[in-house]
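Note that numbering that gives the first Met the number 0 has the sequence shown beginning at 0, numbered continuously upward.
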Amino acid sequence: MDRVRVLWIGHFAPYPPKGGAMQRSFNMLKEMAGFADIDLVTLMPRSKVRAYYPDFQTGQKEISESLSKYVRKFVTISHGLNARKLNKYFLGFKSLFSQVPYDVLALRSSKFEQAVQEALESNEYDVVYIDTIGLAAYVGNVNSPKIVNHHNIESQMLERRANNSSGILKLYFKWQSSRTRSWEKYWCNRVEVNLVCSELDRQRLRTYVNCEIEVIPNGVDIEYFKRSKDYSDSEVTGCIFAGGLEWYPNAKAVDFIVNELEPVYDLSITKGPVVICGKGWHKGLADVSKRANKIFAAGFVDDIRMPMEKAAIYVCPIDDGGGTKLKVLDALAMGIPLIAHPIACEGINVKEGDTVVFARTANEYVKEIEALMRSPTKRELMSRAGIRLIEENYSYSTIGKKIKSVIDSVTAEWSKN
């Protein structure tokens with residue numbers, strides 16, 4: 000069968016594959032390149048590039064070279080300010096006077112619109128792949144089948160954030176959730192297929208839209224995320240949490256670790272601190288890591304596998320956000336016994352007591368940490384069960400076959416009309 004021609008439009012260049020959305024998009028692009036000729040037209044947020052590279056130009060060059068292995072044509076449009084927080088506050092203020100949601104406003108670019116139109120005018124595509132629903136309007140009138148990838152159900156995530164906020168912020172997030180839901184209602188029904196990360200996200204979207212929805216789960220590069228040797232009680236200590244501190248669910252989880260878990264955490268049991276890995280600055284973390292030895296702020300770690308393999312337990316007190324948490328999948332793939340808030344595992348086929356132990360309060364975390372530390376056999380069983388779960392359900396080679404099936408079905412149906 001001939002290779003399909005795909006126009007991929009994105010809100011970021013998916014490289015390096017570090018962090019949730021970047022990993023999902025990079026690996027989906029990589030798998031799709033096995034059966035499709037892809038033209039990638041993407042925004043390149045300056046703050047995201049500068050988070051991983053010494054300057055924007057260096058990052059742009061390396062990203063272009065790395066992704067050019069998988070695409071036929073690569074067009075990038077630099078976007079936004081260098082400082083992510085300043086950019087966020089600026090857009091938050093602008094959104095008060097905008098007719099579109101914040102997430103759509105943040106992706107506005109006349110240069111990007113021009114680049115997308117030039118690609119469409121000079122090529123015939125079998126499929127247009129839209130990597131977030133905030134970009135849907137750029138290709139709204141295209142006479143080709145369109146697929147939208149939902150990294151999260153954005154309106155639901157904003158609603159959850161509103162419920163966890165107070166005062167003016169609560170009102171703002173409720174307002175943004177309502178506006179985003181209206182945008183989703185409009186555009187989900189104007190594309191051929193909506194891709195979501197989990198069955199739970201499909202159910203959430205189904206409550207207010209009647210459209211075609213397929214589940215393409217988040218996955219793991221199991222050739223990368225794997226232990227160099229089997230989990231052994233004699234070679235692991237302490238706990239670990241990994242996640243960029245600029246994403247609010249991660250920052251909130253670190254608040255919990257610093258303010259609630261640290262005071263009751265027992266070094267005599269774990270034989271090591273809670274190591275927190277992730278780019279960004281967090282005042283509470285910086286303060287507690289200076290005055291106490293129960294928490295260690297490792298900062299950004301280029302190869303997260305090394306500290307993960309040394310950890311006895313992965314703690315994930317995330318109780319916010321949407322989609323499925325790639326950090327949970329990565330931890331399971333690395334065979335680290337996992338203690339997590341139930342929300343952190345939404346959409347992932349974990350089994351309590353087998354691949355995860357659930358906890359909500361600091362005392363529950365301490366209780367479960369101590370129980371696991373006193374049972375090396377239990378931890379070793381959880382390590383093997385986690386690896387097995389990922390290999391059987393969440394490898395990207397399996398997910399790539401699902402992506403191909405969806406695209407084949409969409410193009411076949413389109414050709415009939």
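Positions of the beta carbon are idealized from the N, C-alpha and C atoms, including for glycine.
Note that the C-beta distance between HIS149 and ASN193 is below 9 Å. Within the same chain, LEU244, ALA250, VAL253 come within 7 Å of HIS281 by CB-CB distance, once the 5 residues on both sides are set aside. Distance from the Cα of LYS110 is smallest, within the candidate group ILE76, ASP130, THR397, for ILE76. Counting every other CB atom within 10 Å of its CB across the protein chains shown gives THR323 a total of 16 or more, marking it as buried. TYR124 is the residue among SER154, LEU199, TYR124 whose C-alpha sits nearest the C-alpha of LEU39. Around the Cβ of ASP130, a 10 Å sphere holds 16 or more other Cβ atoms; the residue is buried. PRO44: not part of any alpha helix (DSSP H); member of the beta strand (DSSP E) spanning 35-44, first to last residue. TYR247: member of the alpha helix (DSSP H) spanning 247-255, first to last residue.
Comparing alpha carbon positions, the residue from LYS29, ARG178, CYS196 closest to SER154 is ARG178. The three-state secondary structure of TYR395, taken from DSSP, is helix. Relative to the Cα of ASP329, the nearest Cα in the group THR360, SER394, GLU369 belongs to SER394. ASP229 and THR269 have their C-alpha atoms roughly 19 Å apart. In chain order, ILE8, VAL40, TYR137, VAL138 place their CB closer than 7 Å to the CB of VAL115, counting only its own chain and leaving out the 5 sequence neighbours on each side. If only uninterrupted alpha helix (DSSP H) runs of at least 4 residues are considered, those enclosed by the segment 95-159 are 101-104, 109-121.
Boundaries cannot be given for VAL263, as no alpha helix (DSSP H) includes it and DSSP labels it neither H nor E. Using a Cβ-Cβ distance cut-off of 8 Å, the segment 43-61 and the segment 163-181 are not in contact, since fewer than three pairs of beta carbons, one from each stretch, lie closer than that value.
Apart from the 5 residues on each side of it in sequence, ALA384 sits with its Cβ closer than 7 Å to the Cβ of ASP353, THR354 in its chain, given in chain order. Rounded to whole angstroms, the Cβ separation of GLY33 and GLY399 is 6 Å, and the two are in contact under 8 Å. By the beta-carbon neighbour count (other beta carbons within 10 angstroms, threshold 16), SER197 is buried. Under the 8 Å Cβ criterion, the segment 309-319 does not count as touching the segment 291-298, having fewer than three qualifying pairs.
Burial is judged here by how many other beta carbons sit within 10 angstroms of a residue's own beta carbon; SER288 has at least 16 and is buried. For the pair TRP186 and LEU119, the Cα-to-Cα distance works out to about 19 Å. Considered as a whole, the segment 52-95 harbours 72-78 as its complete beta strand (DSSP E) runs of no fewer than 3 residues, in chain order. The DSSP-derived three-state label of ASN193 is strand.
In its chain, beyond the 5 residues on either side, VAL127, ILE129, VAL138, VAL190, GLU191 have a beta carbon closer than 7 Å to the beta carbon of LYS145.
If you draw a 10 Å sphere on the C-beta of GLN22, you find 16 or more other C-beta atoms in it, and that means buried. TRP7: not part of any alpha helix (DSSP H); member of the beta strand (DSSP E) spanning 3-9, first to last residue. Per the C-alpha coordinates, the member of THR206, PHE255, MET305, GLY242 positioned closest to SER227 is MET305. Per DSSP, LEU331 is one residue of the alpha helix (DSSP H) stretching across 325-332.
According to the DSSP assignment, VAL273 belongs to the beta strand (DSSP E) that extends over 273-276.
Non-local C-beta neighbours of LEU104 in its own chain, meaning closer than 8 Å and more than five positions away in sequence, comprise LEU90, LYS93, SER94, SER97, ordered along the chain.
Under the DSSP assignment, VAL214 falls in the beta strand (DSSP E) whose first and last residues are 212-214.
For LEU244, the secondary structure class from DSSP, reduced to helix, strand or coil, is coil. Selection ALA12, ASN348, ASP302 evaluated against LEU66 yields ALA12 as nearest (Cα-Cα). GLN202 counts as exposed, since fewer than 16 other beta carbons sit within 10 angstroms of its beta carbon.
Under a 10 Å Cβ-count criterion, ALA358 is classified as buried, with 16 or more other Cβ atoms of the shown protein chains found around its own Cβ.
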